[in-house]
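S.K.:
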Amino acid sequence: MTVAADAPPASPPRDDKRWRQVDVRIRRLGARPDALIEVLHTVQEVFGYLDDDALSYVSEALSVPPSRVLGVATFYSHFVRKPQGEHTCVVCMGTACYINGAGAILNRIHDTLGIDAGATTSDGRISLLRARCLGACSMAPAVVIDDEVHGRLSPDAVQHMLEAL
Amino acid sequence: MTEAGTPTPARRRRQDPLIPAGPVRASAHVCMAAGCLSMQADTVFDSLCERVTARGLTDVAVKRVGCLGLCAAGPLVAVPETGRLFDRVAAGDDAALDGVVDGLAGGEGGRPIATDPFFSHQVKVVLEHCGQIDPERVEDYVAVGGYESLTKAVTTMTPAEVLGEVTRSGIRGRGGAGYPTGLKWTTVAKTDSPHGKYVVCNGDEGDPGAFMDRSVLESSPQQVLEGMAIAGYAVGANHGYVYVRAEYPLAVKRLTTAIRQAEHAGLLGPRIADTSFGFDVEIRIGAGAFVCGEETALIASIEGGRGTPRPRPPYPAASGLWGKPTLINNVETLASIPTIIGRGAEWYSAIGSGKSLGTKVFALAGSVVNTGLIEVPLGLTLREIVFEIGGGLPGGGKFKAVQTGGPSGGCMPESLLDMAVDYESLAQAGSIMGSGGMIVMDDGTCMVDVAKFFMDFCREESCGKCIPCRVGTTQMYGLLDRITRGLASRDELAELESLAGMVRDTSLCGLGQGSPNPVVSTLRYFRDEYMAHIDDHLCPAGVCKMEPREAALAAGEVAP
Amino acid sequence: MSVLTLTIEGRDVAGQTGHTILQVARENGIPIPTLCHLQGLSDVGACRLCVVEVEGQRKLFPACVTTIDEGMKVTVNSERLAAHRRRIVELLFTERNHICSVCIADRNCELQDLAVAVGLTHFELPLLSPQAVVDATHERFGIDHNRCVLCTRCVRVCDEIEGAHTWDVMGRGTEARLITDLGIPWGDSNTCTSCGKCVQVCPTGALFEKGRSVAEARHRRPYLPYLVAHEGRTR
Numbered sequence: 001m002t003v004a005a006d007a008p009p010a011s012p013p014r015d016d017k018r019w020r021q022v023d024v025r026i027r028r029l030g031a032r033p034d035a036l037i038e039v040l041h042t043v044q045e046v047f048g049y050l051d052d053d054a055l056s057y058v059s060e061a062l063s064v065p066p067s068r069v070l071g072v073a074t075f076y077s078h079f080v081r082k083p084q085g086e087h088t089c090v091v092c093m094g095t096a097c098y099i100n101g102a103g104a105i106l107n108r109i110h111d112t113l114g115i116d117a118g119a120t121t122s123d124g125r126i127s128l129l130r131a132r133c134l135g136a137c138s139m140a141p142a143v144v145i146d147d148e149v150h151g152r153l154s155p156d157a158v159q160h161m162l163e164a165l
Numbered sequence: 001m002t003e004a005g006t007p008t009p010a011r012r013r014r015q016d017p018l019i020p021a022g023p024v025r026a027s028a029h030v031c032m033a034a035g036c037l038s039m040q041a042d043t044v045f046d047s048l049c050e051r052v053t054a055r056g057l058t059d060v061a062v063k064r065v066g067c068l069g070l071c072a073a074g075p076l077v078a079v080p081e082t083g084r085l086f087d088r089v090a091a092g093d094d095a096a097l098d099g100v101v102d103g104l105a106g107g108e109g110g111r112p113i114a115t116d117p118f119f120s121h122q123v124k125v126v127l128e129h130c131g132q133i134d135p136e137r138v139e140d141y142v143a144v145g146g147y148e149s150l151t152k153a154v155t156t157m158t159p160a161e162v163l164g165e166v167t168r169s170g171i172r173g174r175g176g177a178g179y180p181t182g183l184k185w186t187t188v189a190k191t192d193s194p195h196g197k198y199v200v201c202n203g204d205e206g207d208p209g210a211f212m213d214r215s216v217l218e219s220s221p222q223q224v225l226e227g228m229a230i231a232g233y234a235v236g237a238n239h240g241y242v243y244v245r246a247e248y249p250l251a252v253k254r255l256t257t258a259i260r261q262a263e264h265a266g267l268l269g270p271r272i273a274d275t276s277f278g279f280d281v282e283i284r285i286g287a288g289a290f291v292c293g294e295e296t297a298l299i300a301s302i303e304g305g306r307g308t309p310r311p312r313p314p315y316p317a318a319s320g321l322w323g324k325p326t327l328i329n330n331v332e333t334l335a336s337i338p339t340i341i342g343r344g345a346e347w348y349s350a351i352g353s354g355k356s357l358g359t360k361v362f363a364l365a366g367s368v369v370n371t372g373l374i375e376v377p378l379g380l381t382l383r384e385i386v387f388e389i390g391g392g393l394p395g396g397g398k399f400k401a402v403q404t405g406g407p408s409g410g411c412m413p414e415s416l417l418d419m420a421v422d423y424e425s426l427a428q429a430g431s432i433m434g435s436g437g438m439i440v441m442d443d444g445t446c447m448v449d450v451a452k453f454f455m456d457f458c459r460e461e462s463c464g465k466c467i468p469c470r471v472g473t474t475q476m477y478g479l480l481d482r483i484t485r486g487l488a489s490r491d492e493l494a495e496l497e498s499l500a501g502m503v504r505d506t507s508l509c510g511l512g513q514g515s516p517n518p519v520v521s522t523l524r525y526f527r528d529e530y531m532a533h534i535d536d537h538l539c540p541a542g543v544c545k546m547e548p549r550e551a552a553l554a555a556g557e558v559a560p
Numbered sequence: 001m002s003v004l005t006l007t008i009e010g011r012d013v014a015g016q017t018g019h020t021i022l023q024v025a026r027e028n029g030i031p032i033p034t035l036c037h038l039q040g041l042s043d044v045g046a047c048r049l050c051v052v053e054v055e056g057q058r059k060l061f062p063a064c065v066t067t068i069d070e071g072m073k074v075t076v077n078s079e080r081l082a083a084h085r086r087r088i089v090e091l092l093f094t095e096r097n098h099i100c101s102v103c104i105a106d107r108n109c110e111l112q113d114l115a116v117a118v119g120l121t122h123f124e125l126p127l128l129s130p131q132a133v134v135d136a137t138h139e140r141f142g143i144d145h146n147r148c149v150l151c152t153r154c155v156r157v158c159d160e161i162e163g164a165h166t167w168d169v170m171g172r173g174t175e176a177r178l179i180t181d182l183g184i185p186w187g188d189s190n191t192c193t194s195c196g197k198c199v200q201v202c203p204t205g206a207l208f209e210k211g212r213s214v215a216e217a218r219h220r221r222p223y224l225p226y227l228v229a230h231e232g233r234t235r
C-alpha cells in the first residue's frame, strides 16, 4: 500500500492520549519504513500488546503495507497480540534450566493453572510465558514472577509462589 | 511460542557511589550484572554504603561494577586492594555485610582471588575491565585507559596499519564460525562505496545457555563502542549499529547511557580526537528471533523486516545494510579490539595456540560447581575448564558430557575431556566453538532428550523460508520424540540420520545447516542411549517417559 | 560485459558475467529443477531444489542465485543431489495436504511434476497434516492454504510487478502462512487490485480461479516473462 503525497496524515485509531508517545517516537525516527520494529516496540511498551487497530495505524504512519506489518509483528516472539494477565510468570527454558528441571516446573504450572505457555488464565490474572534463555544460567532453573527473578527452584516452590499471588 | 525477557530493573532512586575526596584505602566493587542483580545486589550496594558511612570510613569507596564472574556464589563484592572476594553477600545478611565492611577497614575475610583456581587459570582481555569499572560512568572507563586505543589508531596509524594489526593478531570471529577477523575487515575496507559503509555489532546472543555478550555489554559497554569506532576507522565507515536482544533490557539501558556519555565527552561523534574521522552509533533492539544472529537475517531485521536470511554471496562485506558494504562482528570480537590495538598484535597472538589465538569468553553452566563467566586462553583442555576452573560437578555427580555451540553445536563425552578447546578441535569432534556457551551435563541427563531439546529449539526458531529447515527440523523433532517415547524402530533411526545429512547439506543458512549437529554428535558418542530407547524400551538416565510397550507393538511400530 | 566459460554436467558452456548457473544451464538445455524461481521475479533461493555441486567446494550452491565464474565445474545431477531433491519434495508433500486426486490443479501442478521428475514414489516420513483453511471470500479467486508450499511467488509478483503488496507471510517455521493485508479475508482486502497475477504464478492448486473443478485449473505462467519484457519496453 502506498500513501499518496497529498493524503492527510494518519490519525490514531482511538482517542487515547498514549498515542502521543507513539507519535513522538514515529516522528523522531523520521516515519521511515525501516523504523517498523522500533515503532512496534514502542506501541507494545505503551499499550502492552499489538492489536489490529494499532498495526493498521503503524502501517499508515510508516507507509508500510499492512501485510508486511503483520508479517513482522508475528515473526518476532517478543511481540504479543493479546493483552497479558495481571501477573506474569516466565519460565526459562534455556539449556541449563532445561537439564535442571524446567520442564517439571512448566508441567506443574500447567497442572495448577490449567493453561499452556503463551496463554492467560480465563480470569485474566496470570499469563504463563516461556523464555528461550534469560542468561540466568547460573541460577538454573529460573522463573521470573512479576519482574522478579527467582533461581534454583522446585515445582513445589513455584506452585507456592503462584498461590501466594 | 510467546517469549519473554528479563524484567526491566525497577525504577528507584539511585544511591550515588561512595567516592572519597582523598586517597582511597580500599574499595568495595559490588557486582551489578544480571545474576547478582536478581539476588538484590542493588540493596546490598545501598546497605554497604550505609554501613561504611555509619562506621565513619572516609577513605573507603563503594562502587557499582559489572560482572565479577563467579555467578554461582552471588551476590559478589570484590575488594581489589586486598585481592579478596566476598561471596553470597545476601541483602539483609548482617554478618556477611559487616564482614565486607570489616574487610574494607583492614580486616581479613573473603577468599583470595589470586590463588583461587576459578580465577587463576583465566586470562582477561575482553573481561579486563568487567568488575573493575562502573559500566554507567564513562570516566571510569577512561580512567583505566579507555579510548586510548581509538586515539592511537586515528592519530598515529593509517587505516591500513590498523587492518594489519588486527590481521596479525590472528583473532577470529567470536560469534561462532571463527572467520578470520582481519580478512573480513580487509574485504570491507577494499570495497569501494561512495555512499558509505556500516559497522554492525551483533549482540543478538540467542544460544540458550550463553550470556557472554550480555555480560560484556552490561559490564563494559564503552569497550564495545571503542572497538566499533576503531573498526569504522579501519574499514572507512562512519556509522555503526549495535543490535541487542530485547531480552536484555539492562544491556540496552547501559549501552544507551554509554553512547550518550561517550558522545557528550566527545569520544564518539564528529571529529574524534580532533581528526577528520567521525563515528556515531545507534542501537537497534531485536524482538526475539534466534535466526537474527545470522548476519543476513540481522541485516533484514535492522532494515525493519522479517528476519529471514538470504543466500550468500553476496556477503554483507560487499552488499549489506541498505546494499552498502557492512562489517558485522560479534560483541566479544569488537571488545577485544581496543586491547589488540593498545598492546599490539604480537602481545595478543602470544596467547592461545595454533590457528586459535587469543582468549575466549565462556559461560559455564549446568551441572558444575562454579557456574559463571570465564575467559581463558584458547587451547586449554575441557578438563581444565570443567574441573579446575569450574570446580567439577556438584555433589560428586558423574560427568557425562559438555555441550558447546548451542543448537548448532555438539556434546563431547568424557573421552574427549583432554581435548584442547580451539576452533579446529571442536569442529573435528563434531561440535563448534559457537558463541561460548558451555553446559556441563551429569549422568542424570538423557542425551536423546538433549538432542530433542535442541531440535525443538531449531524447529521453533526456523524462519520458515527454506524447505529443508522448515519441514526437516519438524520431521526430525517428530522422530526424536518417538524415540524418547519408546515408539521408534531402527528404520526410523536410519531415517533420522538420513534427514540430518540432507538438512545439513541443503539448508539456506547456518541455523538449518547446524541444526542436525546435536543429533549427529549424540549419535556419534552416545549411540547406545538411542539404542536403549529403541531396542530395550528404556531411558538409561530415567528422564524419558516410555509409552507402554504394548502400545508400540499394537501400532506395529517396533519389532516384537 | 565479458564472456566466461565453464562446464556444466561435463559440457563446455559459455555465459555472461553476472549470469547465474541456472540461466546458463537453461540456455544450454540442461534442466535443473526449481520451484520458488520464476523468471521475471527476484530470486530468493528458498526451495533449495536447484542446489548443485561446484568442484572444489564442499558446500552446495543454489543455481538460481549463484553467479558463474570462469572455469567453474558444475555438477547438476549426482546421487547425492538426487537423494536430496527427492527428500525436499517429500518434505513438501508431508508438510500440508497435497492429495492430487481431489485437487483442481491435478495434472497442471509443478509440485506434481517435480515429484515425477525426482522419482518420488512413496513417503518415508509421516504426514504432518495441519488443518489449514480455505479462503473463498474473493469474488473471483480463492486460496487453499492446505496446498500452499510457501514459495512466495505470489508475494513477489504482487509486490514487484503489480505493486500492491497485498500478500505477505506471517508467523515462522511450519506455522508460517500467507496473509492478505492484516490477515483479513481476501475479499475484504482494499489493497488487492484483483489482477490475478498471484493465481497465475502459483505452482500448485493453492491459489485458484473460482468455478474450476478437479484438474481444471490452468495456470498461465508463461505470460509473466512477456509482461516483464513489455514493461521493460514501455518504461
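Chains as they are written, first to last, in this note's numbering: chain Z, 1 to 165; chain C, 1 to 560; chain L, 1 to 235.
We put the CB at the ideal spot given by N, CA and C, even for glycine.
Nothing here was measured: the structure is a model prediction, and the numbers come from that model.
I need the straight-line Cα distance from residue 143 of chain L to residue 149 of chain L, nearest angstrom please.
M.R.: Approximately 12 angstroms, taken between the alpha carbons.
S.K.: If you measure beta-carbon to beta-carbon, which residues of the region 22 to 43 of chain C are closer than 8 angstroms to chain L?
M.R.: Cβ contacts with chain L: none found.
S.K.: Have a look at residue 60 of chain L and residue 28 of chain L and give me their C-alpha separation to the nearest angstrom.
M.R.: The alpha-carbon atoms of residue 60 of chain L and residue 28 of chain L are separated by roughly 21 angstroms.
S.K.: Is the Cβ of residue 132 of chain C closer than 8 angstroms to any Cβ of chain L?
M.R.: No - not a single Cβ of chain L is within 8 angstroms of the one on residue 132 of chain C.
S.K.: Quick check: is the beta carbon of residue 305 of chain C nearer than 8 angstroms to any beta carbon in chain Z?
M.R.: Residue 305 of chain C counts as touching chain Z.
S.K.: With a cut-off of 8 angstroms on the beta carbons, I'd call residue 310 of chain C and residue 241 of chain C a contact; round off their distance for me.
M.R.: Contact flag wrong, Cβ pair sits at about 18 angstroms.
S.K.: Which residues, in chain order, does the region 94 to 110 of chain Z contribute to contact with chain C at a C-beta distance below 7 angstroms?
M.R.: Listed by position, the residues of the region 94 to 110 of chain Z near chain C (Cβ gap below 7 angstroms) are 94, 95, 96, 98 and 99.
S.K.: Rounded to whole angstroms, what is the Cα-Cα separation between residue 570 of chain C and residue 299 of chain C?
M.R.: Residue 570 of chain C cannot be examined here, being either before or after the span of chain C that is shown, 1 to 560.
S.K.: Whole alpha helix (DSSP H) runs in the region 18 to 76 of chain L with 4 or more residues, listed along the chain?
M.R.: Taking only runs of at least 4 residues, the alpha helix (DSSP H) segments lying wholly in the region 18 to 76 of chain L are 21 to 27.
S.K.: Beta carbons nearer than 8 angstroms to chain C: which residues of the region 67 to 95 of chain Z have them?
M.R.: Within the region 67 to 95 of chain Z, the residues whose Cβ lies closer than 8 angstroms to some Cβ of chain C are 68, 71, 72, 75, 76, 77, 78, 79, 80, 88, 90, 93, 94 and 95, listed in chain order.
S.K.: Is residue 34 of chain Z close to chain C, meaning its C-beta is less than 8 angstroms from at least one C-beta of that chain?
M.R.: Cβ-Cβ to chain C under 8 angstroms: yes for residue 34 of chain Z.
S.K.: Report the neighbours of residue 455 of chain C on chain L: residues whose CB is nearer than 9 angstroms to its CB, in chain order.
M.R.: Neighbours of residue 455 of chain C on chain L: none; closest Cβ ~12 angstroms, over 9 angstroms.
S.K.: Taking Cβ-Cβ distances shorter than 8 angstroms, what residues in chain L pair up with residue 56 of chain Z?
M.R.: The answer, in chain order, is 182.
S.K.: Mind checking which residues open and close the beta strand (DSSP E) that includes residue 49 of chain Z?
M.R.: Element bounds for residue 49 of chain Z: n/a, residue is neither H nor E.
S.K.: Shorter than 8 angstroms from the beta carbon of residue 68 of chain L to some beta carbon of chain C?
M.R.: Not closer than 8 angstroms to any Cβ of chain C, the Cβ of residue 68 of chain L fails to qualify, so no.
S.K.: In chain Z, which residues lie less than 8 angstroms from residue 186 of chain L when you measure between Cβ atoms?
M.R.: The premise fails here: residue 186 of chain L is roughly 11 angstroms from chain Z at the closest Cβ pair, so nothing lies under 8 angstroms.
S.K.: Which bits of chain L does residue 310 of chain C rub up against, with CB to CB less than 8 angstroms?
M.R.: Result: 44 and 45.
S.K.: Start and end of the alpha helix (DSSP H) containing residue 457 of chain C?
M.R.: Where residue 457 of chain C is concerned, the enclosing alpha helix (DSSP H) stretches over 447 to 461.
S.K.: What is the DSSP secondary structure of residue 29 of chain C, counted as helix, strand or coil?
M.R.: Looking at residue 29 of chain C - three-state DSSP - the assignment turns out to be strand.
S.K.: Report yes or no: do three or more beta-carbon pairs, one from the region 90 to 102 of chain Z and one from the region 188 to 208 of chain L, lie closer than 8 angstroms?
M.R.: Contact fails: fewer than three Cβ-Cβ distances are below 8 angstroms.
S.K.: CB residue 17 of chain C to CB residue 44 of chain C, shorter than 8 angstroms?
M.R.: Cβ atoms of residue 17 of chain C and residue 44 of chain C: not closer than 8 angstroms.
S.K.: Label residue 167 of chain L either buried or exposed according to how many other C-beta atoms from any shown protein chain fall within 10 Å of its C-beta, with 16 as the threshold for buried.
M.R.: Buried, since its Cβ has 16 or more Cβ neighbours within 10 Å.
S.K.: At 9 angstroms on the CB atoms, spell out the chain L contacts of residue 52 of chain Z, in chain order.
M.R.: Those are 182, 183 and 184, listed as they occur along chain L.
S.K.: Measure from the C-beta of residue 65 of chain Z to each C-beta in chain L and report whether the shortest distance is under 8 angstroms.
M.R.: Closer than 8 angstroms to some Cβ of chain L, the Cβ of residue 65 of chain Z qualifies, so yes.
S.K.: Based on DSSP bridge pairs, tell me the residues matched to residue 167 of chain L.
M.R.: BP columns for residue 167 of chain L point to L:180.
S.K.: Does the distance from the C-beta atom of residue 84 of chain C to that of residue 110 of chain C stay below 8 angstroms?
M.R.: Yes, Cβ-Cβ distance for residue 84 of chain C and residue 110 of chain C is below 8 angstroms.
S.K.: Expressed to the nearest angstrom, what Euclidean distance is found between the alpha-carbon atoms of residue 433 of chain C and residue 175 of chain C?
M.R.: Answer to the nearest angstrom: the Cα atoms are 9 angstroms apart.
S.K.: Determine, using beta carbons only, whether residue 536 of chain C comes closer than 8 angstroms to chain L.
M.R.: No, its Cβ sits nowhere closer than 8 angstroms to a Cβ of chain L.
S.K.: Which of helix, strand or coil does DSSP assign to residue 432 of chain C?
M.R.: It is coil, neither helix nor strand.
S.K.: Closer than 8 angstroms between beta carbons: that is the criterion. Which residues of the region 167 to 178 of chain L meet it against chain C?
M.R.: Flagged, chain order: 169, 171, 172, 173, 174, 175 and 176.
S.K.: Out of C:509, C:385 and C:128, which one is the CA nearest neighbour of residue 337 of chain C?
M.R.: The shortest C-alpha separation from residue 337 of chain C is found at C:128.
S.K.: Please confirm whether residue 189 of chain C and residue 232 of chain C have their CB atoms less than 8 angstroms apart.
M.R.: No, the Cβ-Cβ distance between residue 189 of chain C and residue 232 of chain C is not below 8 angstroms.
S.K.: Buried or exposed: where does residue 49 of chain Z fall if 16 or more other Cβ atoms within 10 Å of its Cβ makes it buried?
M.R.: Exposed is the call here.
S.K.: Given 8 angstroms as the limit, is there contact between the region 337 to 354 of chain C and the region 79 to 91 of chain L, that is, 3 or more CB pairs closer than that?
M.R.: The region 337 to 354 of chain C vs the region 79 to 91 of chain L: no contact.
S.K.: Going residue by residue through the region 298 to 368 of chain C, where are the continuous alpha helix (DSSP H) segments of at least 4 residues, counting only ones entirely within it?
M.R.: Entirely contained in the region 298 to 368 of chain C, the alpha helix (DSSP H) runs reaching 4 residues are, in chain order, 331 to 343 and 345 to 349.
S.K.: Just to confirm, is the Cβ distance from residue 372 of chain C to residue 153 of chain C under 8 angstroms?
M.R.: In this structure, residue 153 of chain C does not lie closer than 8 angstroms to residue 372 of chain C by Cβ.
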